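Worksheet: one structure, shown below.
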Amino acid sequence: MTLSPARLGSGVTVPPLPPNSPLLRARVYQADDQTVIISMHPRAGTLFSGLTTVGSNGVALGIGRSTTASSALRLPNTRPQTPNSDPSPSAPLPSLQNGRNVVIIDPGHGGSDPGAVGIGNIHEADVVLEISQQVASILEQQGVQAIMTRTSDVDVELEPRVAMAEQANASLFVSIHANAIDMSRPEVNGTSTYYFSSGESLAQTVQNSIVQALGMKDRGIHSARFYVLRKTSMPAILVETAFVTGAEDARKLADSSWRTQMATAIANGVLQYLQGRSR
Numbered sequence: 003m004t005l006s007p008a009r010l011g012s013g014v015t016v017p018p019l020p021p022n023s024p025l026l027r028a029r030v031y032q033a034d035d036q037t038v039i040i041s042m043h044p045r046a047g048t049l050f051s052g053l054t055t056v057g058s059n060g061v062a063l064g065i066g067r068s069t070t071a072s073s074a075l076r077l078p079n080t081r082p083q084t085p086n087s088d089p090s091p092s093a094p095l096p097s098l099q100n101g102r103n104v105v106i107i108d109p110g111h112g113g114s115d116p117g118a119v120g121i122g123n124i125h126e127a128d129v130v131l132e133i134s135q136q137v138a139s140i141l142e143q144q145g146v147q148a149i150m151t152r153t154s155d156v157d158v159e160l161e162p163r164v165a166m167a168e169q170a171n172a173s174l175f176v177s178i179h180a181n182a183i184d185m186s187r188p189e190v191n192g193t194s195t196y197y198f199s200s201g202e203s204l205a206q207t208v209q210n211s212i213v214q215a216l217g218m219k220d221r222g223i224h225s226a227r228f229y230v231l232r233k234t235s236m237p238a239i240l241v242e243t244a245f246v247t248g249a250e251d252a253r254k255l256a257d258s259s260w261r262t263q264m265a266t267a268i269a270n271g272v273l274q275y276l277q278g279r280s281r
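Using the working numbering, read the sequence shown as starting at 3 and increasing by one per residue.
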């Protein structure tokens, strides 16, 4: 939330968040002489019900939890799609409780840039934001500090995304997207992961996790010169979860339970990589 013109009163702090809070973290700070920023990192499934006035000089923001975060998405009303093959049975996620790992989760696009728009008017920026929020939440639960480059439908340029990773001295950078091709090619479906230099092993681990867990068509890992991969100093990958223009993939992306499975698979791959690197 951006408040302007505004000044932060002396001694204003964010109170400690209880374990069952819908927020993972929150902070408030004076961005410049006229602007106060209230930054909130919500857990997956958090719903904001809007601002209301409190008395003559106060406002309140409604925050709650939901069993699904899909209500905020521009998604078609479609039935869940069964994966092409039976997914692997679920196993406990690796836990890394040493507090040393910081992972940047980068939901692609946002704001005036919806990314790819596919079958059923699915917007890439929407689905990857929800998947990213769930990835971050899972990582936090397993002892990894997760920082998101955006937590709402806003514009974030590529340079600040990289700068955030560098300033945090992040261990890894994971950018999450949805792929697209011409709408006349609905037969093109599947998942792929991109890296530039040091991210190859991370890309393969995450790609394997997704394919094994969801039975996705494996489009492999590829080297690419995307800005966020070239400019980050830590291992970095860009995951193309599925095709918004694919007949099979669009139905999957429209299913909230499938998006949760995708988030779990990405998080599991990241945790496996970190666990292997720490040995």
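The beta-carbon is built from N, C-alpha and C at its ideal position, and this holds for glycine as well.
These numbers come from a predicted model, not from an experiment.
By the Cβ neighbour-count rule, Gly-201 is buried, with 16 or more other Cβ atoms within 10 Å of its own.
By the criterion of at least three beta-carbon pairs nearer than 8 angstroms, the stretch 220 to 231 is not in contact with the stretch 266 to 278. Under the rule that a run must span 3 or more residues, the beta strand (DSSP E) segments found entirely inside the stretch 98 to 143 read 104 to 109. Arg-221 sits in a strand when the DSSP states are folded into three classes. Sequence-distant partners of Pro-96 (beyond 5 residues in either direction) whose C-beta falls short of 7 angstroms from its own C-beta, in its chain, are Gln-144, Leu-273, Gln-274 and Gln-277. Assignment of Gly-192 by DSSP, reduced to helix, strand and coil, places it in the coil class.
Gly-60 sits in a strand when the DSSP states are folded into three classes.
The beta carbon of Trp-260 is closer than 6 angstroms to those of Lys-254 in its chain, skipping five residues each way along the sequence. With fewer than 16 other Cβ atoms inside 10 Å of its own Cβ, Leu-63 counts as exposed. In terms of Cα proximity to Arg-29, the closest of Val-104, Val-16, Lys-219 and Gln-36 is Val-16. In the structure shown, Thr-15 adopts coil according to DSSP, grouped into three states. Annotation for Thr-262: Gln-136 place their beta carbon closer than 7 angstroms to its own, counting only its chain and skipping 5 residues before and after. Residue state for Met-42 is assigned as strand, using DSSP reduced to three classes.
Of all C-beta pairs linking the stretch 204 to 215 to the stretch 151 to 162, fewer than three are shorter than 8 angstroms, placing the two stretches out of contact. By DSSP's assignment, Ala-148 forms a beta bridge with Val-105. As the crow flies, the alpha-carbon of Ala-138 is around 7 angstroms from that of Ile-107.
Distance from the CA atom of Met-166 to the CA atom of Lys-219, rounded to whole angstroms, is 33 angstroms. Within the same chain, and ignoring the five residues on either side of Glu-242 in sequence, the residues whose Cβ sits closer than 6 angstroms to its Cβ are His-179, Asn-181 and Ser-194. Here Pro-7 is exposed: its Cβ has fewer than 16 other Cβ atoms, across all protein chains shown, within 10 Å. Annotated three-state conformation of Thr-37 is strand, per DSSP.
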